[in-house]
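Undergrad: Heads up: the protein sequence lines correspond to chains A and B, in order.
The first sequence runs 0 to 203 under numbering that gives the first Met the number 0.
The second sequence runs 0 to 203 under numbering that gives the first Met the number 0.
Think of the CB as a built atom: it goes at the ideal place given N, C-alpha and C, for glycine as much as any other residue.
Number of protein chains: 2
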Amino acid sequence: MVIDKHLSRRERKKLETRQSLMEAALRLFSESGYDATTVKDITDAADVAKGTFFNYFETKETILPAIAARRLEQLKEALTVERGAPASPVARIKLALRLVAEDPLCEQQLAQRLFAAIMRHRDVNPGHALRDLLAEQVRQGQEEGEIRGDLDPVYLASVIRSLFFQQLVIWHHGHRPGPLPMLIDDLMDLLMEGAAGTGWPRLS
Amino acid sequence: MVIDKHLSRRERKKLETRQSLMEAALRLFSESGYDATTVKDITDAADVAKGTFFNYFETKETILPAIAARRLEQLKEALTVERGAPASPVARIKLALRLVAEDPLCEQQLAQRLFAAIMRHRDVNPGHALRDLLAEQVRQGQEEGEIRGDLDPVYLASVIRSLFFQQLVIWHHGHRPGPLPMLIDDLMDLLMEGAAGTGWPRLS
Numbered sequence: 000m001v002i003d004k005h006l007s008r009r010e011r012k013k014l015e016t017r018q019s020l021m022e023a024a025l026r027l028f029s030e031s032g033y034d035a036t037t038v039k040d041i042t043d044a045a046d047v048a049k050g051t052f053f054n055y056f057e058t059k060e061t062i063l064p065a066i067a068a069r070r071l072e073q074l075k076e077a078l079t080v081e082r083g084a085p086a087s088p089v090a091r092i093k094l095a096l097r098l099v100a101e102d103p104l105c106e107q108q109l110a111q112r113l114f115a116a117i118m119r120h121r122d123v124n125p126g127h128a129l130r131d132l133l134a135e136q137v138r139q140g141q142e143e144g145e146i147r148g149d150l151d152p153v154y155l156a157s158v159i160r161s162l163f164f165q166q167l168v169i170w171h172h173g174h175r176p177g178p179l180p181m182l183i184d185d186l187m188d189l190l191m192e193g194a195a196g197t198g199w200p201r202l203s
Numbered sequence: 000m001v002i003d004k005h006l007s008r009r010e011r012k013k014l015e016t017r018q019s020l021m022e023a024a025l026r027l028f029s030e031s032g033y034d035a036t037t038v039k040d041i042t043d044a045a046d047v048a049k050g051t052f053f054n055y056f057e058t059k060e061t062i063l064p065a066i067a068a069r070r071l072e073q074l075k076e077a078l079t080v081e082r083g084a085p086a087s088p089v090a091r092i093k094l095a096l097r098l099v100a101e102d103p104l105c106e107q108q109l110a111q112r113l114f115a116a117i118m119r120h121r122d123v124n125p126g127h128a129l130r131d132l133l134a135e136q137v138r139q140g141q142e143e144g145e146i147r148g149d150l151d152p153v154y155l156a157s158v159i160r161s162l163f164f165q166q167l168v169i170w171h172h173g174h175r176p177g178p179l180p181m182l183i184d185d186l187m188d189l190l191m192e193g194a195a196g197t198g199w200p201r202l203s
């Protein structure tokens, strides 16, 4: 999130504090684990008073969906071709899934905490933001002819997102060996090419 | 489950009582809801003493995965061609998903209870049985040439199962209109045909 220059100093300061808290929290959660990190640890690292935390977040848990939403904003930027993302929308979907998979928030313990937080606070659901971000890439893939035009982009995006998280959980549990990028590529290749064998009547 | 004729009368009686309890429970859960049904209601309906229930199931909750396992046994039988199932393995996968979707256990409230029970009692996981049942159909589809031979059957089965439950949840929430069989057909068609447009280089 780029901080708008037209905000008042007070508003700018507030956004900066919110971002510092989120950055400090993510760093501490990754380093020391979610449970071992206290709100005081986070405010100390962000160099604000402990009470300040609760001006921005209801509980320690509610900072997690906020961090996820922010990471998705950053992901959106990373997917623009001007920022060096691949020209192929399907390749951008693979890149997006790879970046999500490698995000510190998707580390097993933290991801479980995040999902629990989302279940309890349904007003902020970063899952929808991820689906919408993927749907935008699907739309672009349809414009470029990479993806069939008859598919609902939101439908295909929800299918991609669901498969991705399921495979990620399987990978976390060690049930699927091999590097994570290969898992993502396999999944997207299956979804693109389909499972039909030569004995199956193609629709086209 | 067919009761083996070679069992002793005592063993046969035990199996019959277990099945009566599961049948009564499923009927009562469907009619009156899981929460409103007591263990006493179940034992009354199965015509046994209340304490008998606990000779077979630890708690009211643990009967749910047992019922699911039994339904999957019955599903396996319904998928044999001798019992009138379609000759095409892919058509049989669609049939299997349709039967699961229409099972009283997949009714929204009951399905949530079942998932919670599975999370707490990981020793009985009907999800694995469903995956293995689908994997067997995938293997047959590969033999008949309907499904690409280079895919791991268990992998493809886990992809099908995961997509199916995700779409079922979306359908339950009313986010996806239309009849359930159409949802299942759409999903399997996408997975068979793939999402690639004409501008995408086919692997073959």
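Can you have a look at B:Ser157 and say buried or exposed, based on whether 16 or more other CB atoms are within 10 angstroms of its CB?
TA: By the neighbour-count rule (16 or more Cβ atoms within 10 Å), B:Ser157 is buried.
Undergrad: Can you tell me whether A:Met118 is buried or exposed? The criterion is at least 16 other CB atoms within 10 Å of its CB, across all chains shown.
TA: exposed
Undergrad: Please classify B:Ala115 as buried or exposed, where buried requires at least 16 other C-beta atoms within 10 Å of its C-beta.
TA: exposed
Undergrad: Rounded to a whole number of angstroms, what is the C-alpha to C-alpha distance between A:Gln136 and B:Tyr33?
TA: 42 Å
Undergrad: What residue range is occupied by the uninterrupted alpha helix (DSSP H) comprising B:Tyr33?
TA: First-last for B:Tyr33: undefined, no H or E at that position.
Undergrad: How would you list, in chain order, the residues of chain B whose beta-carbon sits under 8 Å from the beta-carbon of A:Trp199?
TA: Val89, Gly144, Glu145, Ile146 and Met191
Undergrad: Between which two residues does the alpha helix (DSSP H) harbouring A:Lys93 extend?
TA: Pro88 to Glu101
Undergrad: Taking A:Ile183 and A:Arg97 to be in contact with their CB atoms under 8 Å, please state how far apart those CB atoms are, rounded to whole angstroms.
TA: 6 Å
Undergrad: Can B:Ser120 and B:Pro178 be called in contact, C-beta distance under 8 Å?
TA: According to the sequence as given, residue 120 of chain B is His; it is not Ser. Their beta carbons are not under 8 Å apart, which means B:His120 does not touch B:Pro178 by this criterion.
Undergrad: Alpha carbon to alpha carbon, how far is B:Gly148 from A:Val123?
TA: 42 Å
Undergrad: Decide if A:Val139 is buried, meaning its Cβ has at least 16 other Cβ atoms within 10 Å, or exposed.
TA: In the sequence on display, residue 139 of chain A carries Gln and not Val. With 16 or more other Cβ atoms from the protein chains shown falling within 10 Å of its own Cβ, A:Gln139 counts as buried.
Undergrad: Have a look at A:His5, A:Gly196 and A:Gln107 and flag the residue whose alpha-carbon is nearest the alpha-carbon of B:Glu143.
TA: A:Gly196
Undergrad: Answer yes or no: does any C-beta atom of chain B fall closer than 8 Å to that of A:Gly196?
TA: With 8 Å as the cut-off, A:Gly196 counts as an interface residue toward chain B.
Undergrad: For the alpha helix (DSSP H) that contains A:His120, what are its first and last residues?
TA: Neither: A:His120 is in no alpha helix (DSSP H) and is coded neither H nor E.
Undergrad: Leaving out the 5 sequence neighbours to the left and right, which residues in its chain are closer than 7 Å to A:Ala134 when beta-carbon positions are compared?
TA: Pro152, Val153 and Ala156
Undergrad: In whole angstroms, give me the CA-to-CA distance for A:Phe28 and A:Lys93.
TA: Going from the Cα of A:Phe28 to the Cα of A:Lys93 covers about 26 Å.
Undergrad: Report the CB separation of B:Lys13 from B:Val38 in whole angstroms; it is logged as a contact under 8 Å.
TA: So it is not a contact: roughly 18 Å between Cβ atoms.
Undergrad: What is the DSSP secondary structure of B:Ala285, counted as helix, strand or coil?
TA: With chain B running from 0 to 203 in the structure shown, residue 285 of chain B is simply not present.
Undergrad: For B:Leu189, which option in A:His174, A:Pro180, A:Leu150 and A:Pro103 has the closest C-alpha, if you only look at C-alpha atoms?
TA: Comparing Cα-Cα distances from B:Leu189 to each of A:His174, A:Pro180, A:Leu150 and A:Pro103, the minimum goes to A:Leu150.
Undergrad: Using DSSP with H/G/I as helix, E/B as strand and the rest coil, what is A:Ala48?
TA: In the structure shown, A:Ala48 sits in coil (DSSP, three-state: anything other than H, G, I, E or B).
Undergrad: Between A:Ser157 and chain B, is any beta-carbon pair separated by less than 8 Å?
TA: At a cut-off of 8 Å between C-beta atoms, A:Ser157 counts as an interface residue with respect to chain B.
Undergrad: Against A:Gln141, what residues of chain B qualify as contacts under a CB-to-CB distance less than 8 Å, listed in chain order?
TA: Gly196
Undergrad: So with CB distances below 7 Å, who are the chain A contacts of B:Ile162?
TA: In the sequence as displayed, the identity of residue 162 of chain B is Leu instead of Ile. The answer, in chain order, is Val158, Ser161 and Leu162.
Undergrad: Does A:Leu150 come within less than 8 Å of chain B when only Cβ atoms are used?
TA: yes
Undergrad: Taking the beta carbon of A:Met181 as the centre, do at least 16 other beta carbons fall within 10 Å, making it buried, or is it exposed?
TA: A:Met181 is exposed by the Cβ-count criterion.
Undergrad: Nearest-angstrom Cα distance between B:Val99 and B:Cys105?
TA: 7 Å
Undergrad: Give the residues of chain B in contact with A:Gln204, contact being defined as C-beta atoms less than 7 Å apart.
TA: Outside the shown range of chain A, which is 0 to 203, sits residue 204 of chain A, and nothing can be said about it.
Undergrad: Which residues bound the alpha helix (DSSP H) around B:Lys75?
TA: Ile62 to Ala77
Undergrad: Measure from the C-beta of A:Gln18 to each C-beta in chain B and report whether the shortest distance is under 8 Å.
TA: no
Undergrad: Restricting to Cα atoms, I'd like to know which of A:Arg11, A:Arg91, A:Leu129 and A:Ile169 is closest to A:Ile146.
TA: A:Arg91
Undergrad: My output table needs one value for A:Ala194: the three-state DSSP class, helix, strand or coil.
TA: coil
Undergrad: Quick check: is the beta carbon of B:Leu186 nearer than 8 Å to any beta carbon in chain C?
TA: Among the protein chains in the structure shown, which are A and B, there is no chain C.
Undergrad: Just reading off the alpha helix (DSSP H) that A:Leu104 is part of, what are its end residues?
TA: It is not in any alpha helix (DSSP H) - A:Leu104 carries neither H nor E in the DSSP assignment.
Undergrad: From B:Ala84, B:Leu20 and B:Leu132, pick the residue whose C-alpha is nearest to that of B:Asp40; which is it?
TA: B:Leu20
Undergrad: Give the range of the alpha helix (DSSP H) segment to which B:Ser7 is assigned.
TA: Taken as a continuous stretch (DSSP letters only), B:Ser7 belongs to no alpha helix (DSSP H), as it is neither H nor E.
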